[in-house]
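Step one of this worksheet: look at the structure below.
Number of protein chains: 2
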Amino acid sequence: MIHDPTSPPTTAHWTVDQPLGDVPAAVDTELVRFFADRHADYDSIDPVVADGVDVLELFVTGGGKRLRPLFAWAGARAALSGGGGSLDPATGPADLLRAVGSLEFIQACALIHDDIIDRSDTRRGRPTTHRWFEAFHRDHGWYGDAAGYGESQAILIGDLAFAWADDMFMDSGVDAAALARAREPWRRMRSEVIAGQMLDIALENSGSEDPTMSQKVNTYKTAAYTVERPLHLGATLGGADAATVDLLRTAGRDIGIAFQLKDDHLGVFGDPAVTGKAAGDDLRSGKRTWLVMCALASADRSDPATAARLRAGIGTVTSDAEVDDLRQIIVDSGAAEQNSARVRELTDHAVATLRSGHLDTGIVDEIVTVADHLTDRRS
Amino acid sequence: MIHDPTSPPTTAHWTVDQPLGDVPAAVDTELVRFFADRHADYDSIDPVVADGVDVLELFVTGGGKRLRPLFAWAGARAALSGGGGSLDPATGPADLLRAVGSLEFIQACALIHDDIIDRSDTRRGRPTTHRWFEAFHRDHGWYGDAAGYGESQAILIGDLAFAWADDMFMDSGVDAAALARAREPWRRMRSEVIAGQMLDIALENSGSEDPTMSQKVNTYKTAAYTVERPLHLGATLGGADAATVDLLRTAGRDIGIAFQLKDDHLGVFGDPAVTGKAAGDDLRSGKRTWLVMCALASADRSDPATAARLRAGIGTVTSDAEVDDLRQIIVDSGAAEQNSARVRELTDHAVATLRSGHLDTGIVDEIVTVADHLTDRRS
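Protein chains in written order, with the numbering used here: chain B, 1 to 379; chain C, 380 to 758.
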């Protein structure tokens, strides 16, 4: 429990008009409540299980931008603000909040399993889940392979998070008809993010230089999962009409891809003081982004020797000077500007889409503000 | 697709009275249909995704006793055969079949992730999922760590199976009220099997000799997941009254634990020609079963030197002579008879429980036949 039990946090005053900026803190509150129930249900089985629930709670409540709940809330707000929707009287605003908050558990599963896949040691300044269990094994002088034990328990903790996403969503209190409407985006979102992750791993391991592979990863792993389907989910929960669903999905896909491309730009050109990562981190790790693939393709056409230097450097450079050299190649290839132009184009298109329907200006302006922030369109 | 598309299998003639023995083949048919839909939805994303769906299809449709669907079907039959239940006219027999068949996807996730955890190379005579992807990586001359790639993709394929369990269940066609009634066993079953797996891994790695730890693993990983909750799930789908749910859960827990203890007995004393495993396989692998823990505790009291020989031998023996020696210690300790007596006691108790209610003789006799078969009570 991370909150003082003498003054329990509450979302009792939550309303359907609540601004997007209020979503993250309110979701935190609901997640803490959810964990209190789960501790009551499962801690008594055994300390091993209670520890596992603790580890998952610290992970889920210990940070994160709550982007997916925020977009899902935006979808519900849009449905109810000119999007043709209405709420069943049986569904209260806090029920809707719980339903969108459940997306954080899908994200927890994705990150915990991703950290195993990427062999990451830390996340948000703390040991990753598999490293936590590995250290537990070592600290207790247990038998066998501590690293294998850590990965095994982390696989299971990720599975638990995936199951609990579903539990929090289905038991949110939202009426059955709204949950039934939301089945399609819920189903699609989960399969799409897994498909996107499968593609991403295949892309990294195959050494593909095909920009369309990178676009598919961006479409499924980021855009569908982070923006398009959360908006879709919220819209169906709020009973939006088909035109509003289409509009939100189109805008969401564009915002999501722009967000990923902007993130890829920061991975190469970002300021370490802002990103919290080493300068040119993506170049050091060899991440195969659309930006890098476009640079390779362009350099191949104009200057094969430079292309060879870029190709050899990606994933192998270590010094700042080497990073600067690759950065310059990417700029000179035109790919950096191509990437930035695409971010602007996609975001502009998304904004135009959002403004093309009958949605109230208030909710559209709020979504545009978030999109601008994520894609840095105004900077 | 494993069936000839010119004569598609069908469950159109499935009825609510269908015998338990008919369930496995009918579930196979529904799983094949489910995969046809998923191929249509996801193959077009990329060959990487299509391959992943193929791998999962081969795994799910390629064998298995379908025990969990069978018990869930038994629960539904019991609900409708004196258990106080009735079916909404909107729910057809094939809808119910699909709902119980979805449990095979939970099992697929559990086995695929278990195979990673146990570092198993084969299952049912074929490469495990992570080994399949590892070989794919190697065959294609990809970059990086083939084994790591295999594990990564297998984690994701397991996640996909877990998501699809839910999809198949929720989209089964069963009416919303029945699905809402089934939420509790559905929720509990998934969390309990994961908790049981966490306990199992902790037990193996800690070297615990506490028989209560082993009992907890049997309770959650086997009994709840394989028998109690499937019966519970089916009973709620069929609208069983509370007394019937209690009766089925009690009997299911007993049958499930007896089944595990019987399996543990076979793991030590079973005939390789029947079990398909090496003689004394559990002694060679060092599995910490209730049987072994009881033998250790008993030998510690009566003959510390023999206890030390057993303790040192578990997980380290390789020859048949060594296995025979450990077997004799386990027999002499009284633990083998204690284990067998417990199997008989639990199964007898389950049968008495099943006959104590108002369920029709027909469905009770069918469940008893399955229980006898699983626990070998009559042999």
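Where a beta carbon is used, it is the ideal one built from N, C-alpha and C, also for glycine.
Item: Chain C contacts from the region 172 to 191 of chain B (Cβ-Cβ distance under 8 Å); Value: Ala176, Ala180, Arg183, Arg187, Arg190, Ser191
Item: Spatially closest choice to alanine 453 (chain C) from C:Thr740, C:Val411, C:Thr754, by CA coordinates; Value: C:Thr740
Item: Assumed close pair valine 402 (chain B), isoleucine 330 (chain B) - CB separation to whole angstroms, cut-off 8 Å; Value: Nothing can be reported for residue 402 (chain B), as the shown portion of chain B is limited to 1 through 379.
Item: Through-space distance from phenylalanine 512 (chain C) to glycine 749 (chain C), alpha-carbon basis; Value: According to the sequence displayed, residue 749 (chain C) carries valine and not glycine. One C-alpha to the other measures close to 36 Å.
Item: Aspartate 166 (chain B) at chain C interface by Cβ criterion, 7 Å; Value: yes
Item: Secondary structure of arginine 123 (chain B), DSSP reduced to three states; Value: strand
Item: Contact under 7 Å by Cβ, alanine 637 (chain C) with valine 722 (chain C); Value: yes
Item: Check whether serine 423 (chain C) and isoleucine 201 (chain B) have beta carbons under 7 Å apart; Value: no
Item: For arginine 505 (chain C) and methionine 380 (chain C), the rounded distance between their alpha carbons; Value: The predicted model places methionine 380 (chain C) with a pLDDT of 39, which falls under 50 and marks its position as unreliable; any figure quoted below should be read in that light. So the two alpha carbons sit approximately 18 Å from each other.
Item: Terminal residues of the alpha helix (DSSP H) in which isoleucine 580 (chain C) lies; Value: 562 to 585
Item: Sequence-distant residues of the same chain with beta carbon closer than 6 Å to glycine 82 (chain B), five excluded per side; Value: His358, Leu359, Asp360
Item: Given 8 Å, three or more beta-carbon pairs between the region 96 to 105 of chain B and the region 165 to 173 of chain B; Value: yes
Item: Top-ranked residue by Cα proximity to histidine 728 (chain C), from C:Gly659, C:Ile634, C:Gln594, C:Ala652; Value: C:Ile634
Item: Alpha carbon of alanine 321 (chain B) to alpha carbon of threonine 306 (chain B), nearest angstrom; Value: 16 Å
Item: Straight-line Cα distance separating tryptophan 290 (chain B) from glutamine 215 (chain B); Value: 7 Å
Item: Of the residues B:Gly21, B:Ala176, B:Arg123, the one placed nearest glycine 239 (chain B), counting alpha carbons only; Value: B:Ala176
Item: Assumed close pair isoleucine 116 (chain B), isoleucine 534 (chain C) - CB separation to whole angstroms, cut-off 8 Å; Value: 7 Å
Item: Outcome for tyrosine 149 (chain B) when other beta-carbon atoms lying within 10 angstroms are tallied against a minimum of 16; Value: buried
Item: Rounded straight-line distance, which links the Cα of serine 587 (chain C) to that of phenylalanine 71 (chain B); Value: 47 Å
Item: Any chain B beta carbon closer than 7 Å to histidine 492 (chain C); Value: yes
Item: Cβ contact check for the region 648 to 664 of chain C and the region 614 to 631 of chain C: 3 or more pairs under 8 Å; Value: no
Item: Histidine 137 (chain B): contacting residues in chain C (beta-carbon distance under 7 Å); Value: Asn584
Item: Per-residue contacts from glycine 618 (chain C) into chain B (C-beta, under 8 Å); Value: Those within 8 Å of glycine 618 (chain C) in chain B number zero; the least Cβ separation is about 17 Å.
Item: CB contact below 7 Å: alanine 195 (chain B) versus chain C; Value: yes
Item: Near-chain B residues of the region 422 to 435 of chain C (beta-carbon distance less than 8 Å), N- to C-terminal order; Value: Ile424, Asp425, Val427, Val428, Gly431
Item: Tryptophan 14 (chain B) versus alanine 26 (chain B): straight-line alpha-carbon distance, rounded; Value: 8 Å
Item: Euclidean distance between Cα positions of alanine 279 (chain B) and histidine 611 (chain C); Value: 56 Å
Item: Contact residues within the region 137 to 161 of chain B, judged by C-beta distance below 9 Å to chain C; Value: His137, His140, Trp142, Tyr143, Gly144, Asp145, Ala146, Gly148, Tyr149, Glu151, Ser152, Gln153, Ile155, Leu156, Ile157, Gly158, Asp159, Leu160
Item: Residues of its chain near aspartate 682 (chain C), where Cβ-Cβ distance is below 8 Å and the 5 sequence neighbours each way are ignored; Value: none
Item: C-alpha gap between threonine 601 (chain C) and glutamine 639 (chain C), whole angstroms; Value: 7 Å
Item: Positions along the region 287 to 302 of chain B whose CB lies within less than 8 Å of some CB in chain C; Value: none
Item: Cα-Cα separation, aspartate 396 (chain C) to leucine 626 (chain C); Value: 20 Å
Item: Partner residues on chain C for lysine 221 (chain B), Cβ-Cβ distance less than 8 Å; Value: Result: empty, since nearest Cβ-Cβ is about 11 Å, beyond 8 Å.
Item: Close-in-space but distant-in-sequence residues of the same chain around alanine 465 (chain C) (CB under 6 Å, 5 per side omitted); Value: Looking at the sequence itself, residue 465 (chain C) is serine, so the reference to alanine does not match. Taken in chain order, the residues that qualify are Gly618.
Item: Per-residue burial, glutamate 345 (chain B) [other beta carbons within 10 Å of its own, 16 or more giving buried]; Value: exposed
Item: Alpha-carbon spacing of aspartate 755 (chain C) relative to arginine 562 (chain C), whole angstroms; Value: 33 Å
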